[in-house]
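2 protein chains.
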Amino acid sequence: MHSFHELLEQFEIFFSKHKFPDSPATLYEPCSYLLHMGGKRVRPVLCLMGHELFTPLNDNSWNTATAVELFHNFTLMHDDIMDNAPLRRGVTTVHEKYNLATGILSGDVMSIYAYQHLNKVDTSYIHAVMALFNQTAIQICEGQQLDMDFEKRDIVSLEEYLEMIRLKTSVLLGTSIKLGAMLGGATEGCSEILSQFGNSLGMAFQLRDDYLDTFGDTNKTGKQIGGDILANKKTYLLAKAFEIVDVNQKIVLQELLKRNDQEKIQDIIAFFNSIQLKNYIEEEIENYSKKAYFFLEKTPVISSRKKNLLEVTDMLLHREK
Amino acid sequence: MHSFHELLEQFEIFFSKHKFPDSPATLYEPCSYLLHMGGKRVRPVLCLMGHELFTPLNDNSWNTATAVELFHNFTLMHDDIMDNAPLRRGVTTVHEKYNLATGILSGDVMSIYAYQHLNKVDTSYIHAVMALFNQTAIQICEGQQLDMDFEKRDIVSLEEYLEMIRLKTSVLLGTSIKLGAMLGGATEGCSEILSQFGNSLGMAFQLRDDYLDTFGDTNKTGKQIGGDILANKKTYLLAKAFEIVDVNQKIVLQELLKRNDQEKIQDIIAFFNSIQLKNYIEEEIENYSKKAYFFLEKTPVISSRKKNLLEVTDMLLHREK
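Going down the list, the protein sequences come from chains A and B.
Just so we're aligned: the first sequence equals residues 86 to 406 in the working numbering.
Just so we're aligned: the second sequence equals residues 86 to 406 in the working numbering.
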């Protein structure tokens, strides 16, 4: 059994063995560029931890973890185009550094490499692994589509917003740990509980993102506070705000959203504070966190084996960046 | 055993059973839109024919044929963005009708549905089928990248051009029939010969495209003659021209390529005729056709079973549109 940081280190070594071909460099260099931008590698490590709950790691889970991380990066490359994002983790995005066509095609080929790794999984697991992977991949696309659809609307209900982030973000965390558990020999019931754990963790994880963007400490996040506000992005905070405001407050909020001046961020944060939004989002994060701990507790594995997963859960739920 | 047209009809029925979910409509409607634009369905039918050479059709090949056609359409959707194409088969392309993000994301999800169909293949075949499919998918991306890289260059050698169309177009035809053959129980040697047959057919097929764009009959092709010339596209004709011209002719050709007037097409065609390019491309197509017939002849299956494949080969090699 290994800690998050031990597995992270081991995964980076395994992952760095995956080399794209040298040619055409115009296709593959952008793939390596994105992968070397870093990232938390939460998904592959969750996959490995899911496996290690039951049996020592083997190539099935190393390859699946690699597939998950490659697929995740493929979605990032395409999402950045769709979201018109010039930067990711403070670094120029692929389509900005190269061009649009490169962002599309290098993303495409990266997704195929994900499937190539998946195909290394033993025959006895391949159908189940592929089925879950594909289902999740489809959900991620659906989530991204909803996210884009929401940008064109004035108001998104809380329920709609939560469903969107479930699809776009949380299912892949749930699936990562479930894939590991399946490959480690967990029963269907047991791996499904772990999937629920991962989903809940994923929801709390994404809501924490929304929280930090508005209420975070810029010295810790390394990002400008209020990026979501400036982009009029539909977040938990905005959806919740529209749910709880009265008719007059609603008019005030709508006027605030139309503004484009320097003080927009601070004025919207002041408005959010006036309706106690910070409490609401903290409570929501707390609810999903409790769910995550509940499902982890419920997982039929002796407590000592769950220690590392509990640690990573604490870490992810309390992150400041 | 069935003819091309019988299999085409049966495939359309099977293929139409594949329905995308209703929601999000913004994601799935563009997928259906592209699939209903039509297309020759050459690849899935080749897959079915490869299977039928050996054993009656079963779900393995129907699903693989579906995966191949979905994947092919995914590449078309993304290629149209990268090539800035407003029309495909005379109809508005997906990114033009909807928008860029839709073209990207609907393409992405369609490729995942291809893998979902592939995952229905029996366990005994799944690894080999996936491995070949992935390898080919990667080659298609590499071919598209080379095609785009070539657009930025003044001169592309014949060898480079042939390698590009091999990757971008011909490998998928070879792989389609090989997948069918593998699933039909062909030996590795036998299915490899069929792959060579399909590759050669694919080369002749693509060169025929280049031929028709310049020397075709607009009443039959339904397309304006000289589209490639107008776009200064690197084709067999241009690559061959630069290979055979002398120093003075090269200067003339380079000047012609710089032009943007109404007479550009007819003047370049006149230049091509002056250096007998039509003969060269006909000869090249003939060479690849002979190769295709040679590999089909060499396939260790009794002649009567190859009748339908021979017919489709004749049809594809002599198409006027």
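We put the beta carbon where it would ideally sit given N, CA and C, even for glycine.
Contact note: A/E154 does not reach chain B at a C-beta cutoff of 8 angstroms; the least C-beta distance is about 17 angstroms. Apart from the 5 residues on each side of it in sequence, A/V176 sits with its Cβ closer than 6 angstroms to the Cβ of M122 in its chain, given in chain order. For B/L286, the nearest beta carbon of chain A is not closer than 8 angstroms to its own beta carbon. Shown here for A/T320: same chain residues with a beta carbon closer than 6 angstroms to its own, the five before and five after excluded, namely D295 and D313 in chain order.
Close to chain A, meaning a Cβ-Cβ distance shorter than 7 angstroms, are the following residues of the stretch 221-242 of chain B: A222, I223, C226, E227, Q229, Q230, L231, M233 and D234.
Contact residues of the stretch 184-201 of chain B toward chain A are L185, A186, T187, G188, I189, L190, S191, G192, D193, V194, S196, I197, Y198, Y200 and Q201 (C-beta to C-beta distance below 9 angstroms).
Apart from the 5 residues on each side of it in sequence, B/T254 sits with its Cβ closer than 6 angstroms to the Cβ of G287 and Q291 in its chain, given in chain order. Residue B/F96 holds the alpha-carbon nearest to the alpha-carbon of B/R128 among B/R173, B/S209, B/F96 and B/E114. Distance check between A/S280 and each of A/L322, A/T221, A/V194 and A/I354 places A/T221 closest, using alpha-carbon atoms only.
With respect to the 8 angstroms criterion, A/M215 and B/Y200 are classified as neighbours on the basis of their beta carbons. Annotation: A/Y183 is outside any alpha helix (DSSP H) and is labelled neither H nor E by DSSP. According to the DSSP assignment, B/N372 belongs to the alpha helix (DSSP H) that extends over L362 to K383. For A/P115, the enclosing alpha helix (DSSP H) stretches over residues A110 to L120. Within its own chain, the residues whose Cβ lies closer than 7 angstroms to the Cβ of A/V330, once the five positions on either side in sequence are excluded, are L338 and I360, listed in chain order.
Checking the DSSP bridge columns, you'll see A/V176 partnered with A/R173. Around the CB of A/P115, 16 or more other CB atoms lie within 10 Å, so the residue is classed as buried. The stretch 236-250 of chain A makes no contact with the stretch 97-110 of chain A; the number of CB pairs closer than 8 angstroms stays below 3.
With respect to chain B, the C-beta atom of A/P109 has a partner C-beta closer than 8 angstroms. By the 16-neighbour rule on beta-carbons within 10 angstroms, A/L381 is buried.
B/M167 is classed as buried because its beta carbon has at least 16 other beta carbons within 10 Å across all chains shown. Just so you know, the alpha carbons of B/M134 and B/N393 end up roughly 8 angstroms apart.
Rounded to whole angstroms, B/K318 and A/D165 show a C-alpha spacing of 30 angstroms. With respect to the 8 angstroms criterion, B/T151 and B/F100 are classified as neighbours on the basis of their beta carbons. Under a criterion of Cβ atoms nearer than 8 angstroms, the residues of chain A adjacent to B/L112 are, in order, C226, E227 and Q230. Per DSSP, reduced to three states, the secondary structure at B/V256 is helical.
Contacts with chain A at 8 angstroms (Cβ-Cβ) include B/M215.
Here A/V153 is buried: its Cβ has 16 or more other Cβ atoms, across all protein chains shown, within 10 Å.
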